[in-house]
Amino acid sequence: MSVKRWFRRPDDPGAAWAEEILAPLRRRQADVDVAPAVMRRIAGGAIAPAPAALSGAWPQVAWAAALLGGFAALALLIATAGVMIAGGDEGARAAIALTGVAARITLRGFDHMAGILSVFAGALLAFVKGAWTMVDALSPLVRGGALAGALAGLVSIGISIIVVSRARRTAPLAHRPGFPTNNGGLS
Amino acid sequence: MAAEPNDLELVQQVLAGRTEKFEVLVRRYQRLVATAALRMGIPRQEIEDVANEVFYKVFRSLHRYEPSHALSTWLYRITVNAALDHRRSRRHDAQSDEIPESLAGTGPSALEEAGERERATQLQEALGRLPEHYRTPLLLTHVEGLSIEEVGRVMNLPEGTIKSRLFRARAQLKEIIRRHYPGLAPEGAFEGTA
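Below you can see the structure in the form of structure tokens.
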């Protein structure tokens, strides 16, 4: 895409302007021969570019090896724990007892939380019941109000019909010769 | 006659240990690097140092070159960074840009050349007033002739950002020239502007 075809903002003088103004800079050239110096520097520094990145297969192999290593470590851990439990090891017994205590404490905590939730739910239910009772008791009043509103609406429509029909009967004729039109001229 | 190896082949050969092949790459691109550095405001007498540094960096990080993009784009990126580092470290102002070359000649071409150099110096001064993040895309686009996509790759920025910086850079440059260097403006450039 040509740079001259870009969208141009009002304060942007445009690509053509920039190219014209920067032309002297575009004509500037620099010619140097740094090849011998660069090669001397490379040779003097005795550096080599880092080897190319690993080929695509290597990362997959690394992943598989890491996964296998992880599973092997887990199996070793489980086997060791099994041997310790089976052999009646003191540390293993302590660990099992500790796990049991932790589980009991956790369950008790859940029990307390369930109690609190049930109290909250009971209060909410009572509130909803009270609200429903009020609505039930007030329903005749609400029905009466709605009926009165509907009747008032009907009366209003009737009055409007009467007023409009009378107004039409008494209204002057439009477009009668010599009568002013909407735009100020004469019909 | 054997065909010249392309950039990618040369890069692969260098990475494979044939360091001497790097010289071919240097010879191929030293003019581009030196010219870009000059246009970025590096004084002529320091161009060699900057170009040397650029190619040394290129050699050291050749393994990071992505063949999907042109080598020249990558070189521009390294050159821009090297030029900016150089400017920051030396704190050059635009006036130190050029040591006037011999003006002994009195013919019209020598005078024209001197005028051209003067304009270029003033232009560098005007550009020096632009913030760095506006100056670089402006130079890469309108002086080096890179596309928006290439400038984005050189500066590692999205194309939208480059476009918006270009708009602002041009507007600011116009204002700088109007206020400080009216002689640089093309005829009728400020007609209708306050």
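Heads up: the sequence lines are chains V and W, in that order. To convert, count from 1 in the first sequence and add 129; that's my numbering. Take the second sequence: its position 166, counted from the start at 1, is 160 in my numbering, and no numbers get skipped. For glycine and all other residues, C-beta sits at the position ideal for the given N, C-alpha and C. As the structure is a computational prediction, the values presented were derived from the model and not from experiment.
Contact set between residue i and chain V, taken where Cβ atoms lie within less than 7 Å
i, result
"residue 41 (chain W)", "159 and 161"
"residue 124 (chain W)", "Per Cβ cutoff of 7 Å: no residues; residue 124 (chain W) is ~12 Å from chain V at best."
"residue 32 (chain W)", "157 and 159"
"residue 114 (chain W)", "153, 154 and 157"
Cutoff 8 Å: residue i Cβ touching any chain V Cβ
i, result
"residue 168 (chain W)", "yes"
"residue 46 (chain W)", "yes"
"residue 63 (chain W)", "no"
"residue 137 (chain W)", "yes"
"residue 72 (chain W)", "no"
"residue 82 (chain W)", "no"
"residue 38 (chain W)", "yes"
"residue 3 (chain W)", "no"
"residue 50 (chain W)", "yes"
"residue 110 (chain W)", "yes"
"residue 17 (chain W)", "yes"
"residue 155 (chain W)", "no"
"residue 28 (chain W)", "yes"
Proximity test, Cβ basis, 8 Å: residue i and chain W
i, result
"residue 153 (chain V)", "yes"
"residue 70 (chain V)", "What is shown of chain V runs 130 to 316, which leaves residue 70 (chain V) out entirely."
"residue 224 (chain V)", "no"
"residue 170 (chain V)", "yes"
"residue 140 (chain V)", "yes"
Close Cβ partners of residue i (< 6 Å) along its chain, the five nearest in sequence each way excluded
i, result
"residue 4 (chain W)", "15, 18 and 19"
"residue 132 (chain W)", "163"
"residue 214 (chain V)", "221"
"residue 173 (chain W)", "none"
"residue 94 (chain W)", "Residue placement at residue 94 (chain W) is poorly supported in this model, since its pLDDT is 43, which falls under 50; the coordinates are not used for a value here."
Reference residue i; option with closest CA among the options
i, options, result
"residue 11 (chain W)", "V:264, V:140, V:172 and V:194", "V:172"
"residue 129 (chain W)", "W:8, W:1 and W:33", "W:33"
"residue 72 (chain W)", "W:61, W:83 and W:50", "W:50"
"residue 154 (chain V)", "W:109, W:64, W:145 and W:47", "W:109"
"residue 53 (chain W)", "V:170, V:196 and V:152", "V:170"
"residue 46 (chain W)", "V:255, V:199 and V:162", "V:162"
"residue 43 (chain W)", "W:13, W:61, W:63 and W:84", "W:84"
"residue 2 (chain W)", "W:62, W:41 and W:40", "W:62"
"residue 146 (chain W)", "W:167, W:70 and W:170", "W:70"
Residues that residue i contacts on chain V, provided the C-beta gap is smaller than 8 Å
i, result
"residue 117 (chain W)", "150, 151, 153 and 154"
"residue 25 (chain W)", "158, 159, 160 and 161"
"residue 132 (chain W)", "147 and 151"
"residue 20 (chain W)", "163, 164, 167 and 168"
Contact list for residue i against chain B, beta-carbon separation under 9 Å
i, result
"residue 188 (chain V)", "Here the protein chains are V and W, and chain B is not one of them."
Cross-chain neighbours of residue i in chain W, by beta carbon under 8 Å
i, result
"residue 248 (chain V)", "Here the premise fails: no neighbours, minimum Cβ distance about 56 Å."
Cutoff 8 Å; reference residue i; Cβ partners in own chain excluding five residues on either side
i, result
"residue 89 (chain W)", "Note on residue 89 (chain W): pLDDT 46, under 50, position unreliable in the model; no value is reported."
"residue 290 (chain V)", "none"
"residue 127 (chain W)", "159"
"residue 197 (chain W)", "Nothing can be reported for residue 197 (chain W), as the shown portion of chain W is limited to -5 through 188."
"residue 143 (chain W)", "153"
"residue 138 (chain W)", "30, 33 and 70"
Proximal residues of chain V, C-beta to C-beta of residue i below 9 Å
i, result
"residue 78 (chain W)", "Chain V residues near residue 78 (chain W): none, gap ~17 Å exceeds 9 Å."
"residue 171 (chain W)", "150"
"residue 67 (chain W)", "Chain V residues near residue 67 (chain W): none, gap ~17 Å exceeds 9 Å."
Other residues of its chain near residue i: CB distance less than 7 Å, five sequence neighbours each side excluded
i, result
"residue 68 (chain W)", "59"
"residue 56 (chain W)", "5, 8 and 9"
"residue 101 (chain W)", "Interpretation of residue 101 (chain W) is limited by its pLDDT of 45, a score under 50 that renders its predicted location unreliable; the figure taken from the coordinates is listed afterwards. Result list for residue 101 (chain W): empty, nothing under 7 Å."
"residue 171 (chain W)", "120, 178 and 179"
"residue 158 (chain V)", "none"
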